[in-house]
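First the structure, in the form of structure tokens, and then the observations on it.
Chains as they are written, first to last, in the numbering used here: chain A, 6 to 249; chain B, 232 to 509.
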């Protein structure tokens, strides 16, 4: 437990020192999407009785919780390859479980901060949705999936450049294809099947349904929970690979 | 206190460490001396859990580093070759996180941080961000951090590399004091004078193998106490003599430019391997 607290506390201290910069960074992309897609096109497009802005905000929540949780990989890699701080954890008598849990929770914390920023921005745009238990459960599960995946991949890559490639090939396509900006229902069946393999598709469905007060599809939640557990176990196994 | 049996490590086809056997006694200051790439850092990295163990086995204060990895880690502190402090955190936050990693209670952490910062003469910088410190200060913080959990063994990988002579001597004084307080120190260096000044025993490492191991005095005594460097048309050659008188007598017979000096560990390494340490 002490190892987990130490790893998480270190990340919180770094967040504290970067707080203003971090918040500004978390606000820029959603603000641009809200201005360009939401504000400019909001009155033209309507989605199942909702404005496009109401449709877009849950998608942005899903996307930001994914990107911010996954961004912990960049911090881990900077600590590992540039500052060598990872050595301090490797030389300490802590379990892989403590390390992975600490970093995963740090990723989830970043994601929650990003969501808070988006919800504040959405209030400025005059949109208030249902932010009940299911909304936060879906957000948490989505953040856990990508934070655990980030820790695992950060342990496997051999350089910071490899990490950037993973972001380009995994996260960026998912951000656009995972039901963030448009509904997937009108796409051809085979495309829907392919996109249903993406965790973000399920996160977008779950978060949007909860935010817009639509019926929940519990399969989305179970899938996200299963993936979070799977990636967490994967991350535990990957920590040893970072030793050589 | 430290026991290595057939310790080895390969990276692909390159054998970085080739079956090292040695024992370091409690309270001893032991130095691994050798050129870059000799396997010094790899050995320390294996012993401290930074690199996976290849072949062989090792014990730290009686704990096997394979079977009791976490207990073995509790026995040692590590001062890495490159600064691995958290630049964004303050000095005391760096030490506090280390104390937490080693399960130290809050009060003990507070007291130990104050004690160690006084020991490394950085009490006034406790709340300074690490990024504002000089290289020498960072190295002192790293030593304080490694001592935070009162480890019986302290590993130091090239502790003074890149530091100027004055700071290096300050670090040496710190290490001597640490040893006086009862710690066992195991350091790697390629600075001859560092090994001579600090170490009770020295092991010469070349291409992953120990080629000689003894006290600095015994190692140097193998060659003699005095050396004469002689510059001739063939290049620089060195002759060794047991007494100054014999060396002086040799000088009178030579026509070339000569330098008389004490034998040092570099001479011993050169004699054993045909290479320079640096």
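No residue lacks a Cβ here, since even glycine has one placed at the ideal position from N, Cα and C.
- In the same chain as residue 475 of chain B, and ignoring 5 residues on each side of it, the C-beta atoms closer than 6 Å to its own belong to 457, in chain order.
- Cβ contact annotation for residue 160 of chain A (same chain, cutoff 6 Å, sequence separation greater than five): 243, 244, 246, 247, in chain order.
- At a beta-carbon threshold of 7 Å, the residues of chain B lying near residue 8 of chain A are 332, ordered along the chain.
- Chain-order list of chain B residues neighbouring residue 19 of chain A: 317, 319, 320, by C-beta distance under 9 Å.
- Taking a Cβ-Cβ threshold of 8 Å, the residues of chain A close to residue 311 of chain B are 89, 92, in chain order.
- The way I'd put it, the stretch 230–238 of chain A doesn't touch the stretch 359–367 of chain B; fewer than three beta-carbon pairs between them come closer than 8 Å.
- Annotation for residue 157 of chain A: 236, 239, 240, 243 place their beta carbon closer than 7 Å to its own, counting only its chain and skipping 5 residues before and after.
- With respect to the C-alpha of residue 421 of chain B, the residue from B/387, B/407, B/414 having the closest C-alpha is B/387.
- The stretch 408–421 of chain B makes contact with the stretch 257–274 of chain B; the number of CB pairs closer than 8 Å reaches 3 or more.
- Measuring C-alpha to C-alpha distances from residue 370 of chain B to each of B/433, B/312, B/337 identifies B/312 as the nearest.
- Distance from the CA of residue 393 of chain B to the CA of residue 138 of chain A, rounded to the nearest whole angstrom, comes to 56 Å.
- By the rule that beta-carbons nearer than 8 Å mark a contact, residue 240 of chain A does not touch chain B.
- Taking a Cβ-Cβ cut-off of 7 Å, the neighbours of residue 305 of chain B in chain A comprise 98, given in sequence order.
- Shown here, residue 257 of chain B sits in coil according to DSSP, grouped into three states, outside any helix or strand.
- Residues of the stretch 272–287 of chain B whose Cβ lies closer than 9 Å to any Cβ of chain A, in chain order: 276, 279, 280, 281, 282, 283.
- Secondary structure at residue 141 of chain A: helix, using DSSP grouped into helix, strand and coil.
- In the three-state scheme derived from DSSP, where H, G and I count as helix and E and B as strand, residue 312 of chain B is classed as coil.
- At a C-beta separation below 7 Å, residue 264 of chain B has no neighbours in chain A, since its nearest C-beta there lies roughly 23 Å away.
- In the three-state scheme derived from DSSP, where H, G and I count as helix and E and B as strand, residue 290 of chain B is classed as strand.
- Judged by beta-carbon spacing, residue 439 of chain B lies beyond the 8 Å limit of residue 377 of chain B, meaning their Cβ atoms are not closer than that value.
- One thing to note: residue 281 of chain B has its Cβ no nearer than 8 Å to the Cβ of residue 296 of chain B.
- Below the 7 Å Cβ cutoff, chain A contributes no neighbours of residue 497 of chain B, its closest Cβ being approximately 30 Å away.
- For residue 13 of chain A, there are no C-beta contacts with chain B under 9 Å, since the nearest C-beta of that chain is about 10 Å from it.
- Under the three-pair Cβ rule at 8 Å, the stretch 424–433 of chain B counts as touching the stretch 262–270 of chain B.
- Residue 234 of chain B carries a strand assignment under DSSP once its states are collapsed to helix, strand and coil.
- Between residue 176 of chain A and residue 71 of chain A, the gap from beta carbon to beta carbon is short of 8 Å.
- Its chain contains 461 as the residues whose beta carbon lies nearer than 7 Å to that of residue 485 of chain B, once the 5 sequence neighbours on both sides are disregarded; these appear in chain order.
- For residue 130 of chain A, no alpha helix (DSSP H) encloses it, and the DSSP letter there is neither H nor E.
- Inclusion of residue 35 of chain A and residue 123 of chain A in the CB contact set at 8 Å is warranted, their separation being smaller than that value.
- Going by beta carbons, residue 322 of chain B and residue 356 of chain B fall inside the 8 Å limit.
- Listed by position along chain A, the residues whose Cβ is nearer than 7 Å to that of residue 342 of chain B form an empty set, because the closest Cβ is around 18 Å away.
- Any Cβ of chain A closer than 8 Å to the Cβ of residue 339 of chain B would place that residue at the interface, and such an atom is absent.
- By the neighbour-count criterion, in which a residue is buried when 16 or more other Cβ atoms sit within 10 angstroms of its Cβ, residue 305 of chain B is buried.
- When secondary structure is reduced to three states using DSSP, residue 364 of chain B falls in the coil class, being assigned neither helix nor strand.
- Interface criterion not met: the Cβ of residue 358 of chain B is under 8 Å from no Cβ in chain A.
- When B/488, B/483, B/449, B/477 are compared, the shortest CA-CA separation from residue 468 of chain B is found for B/488.
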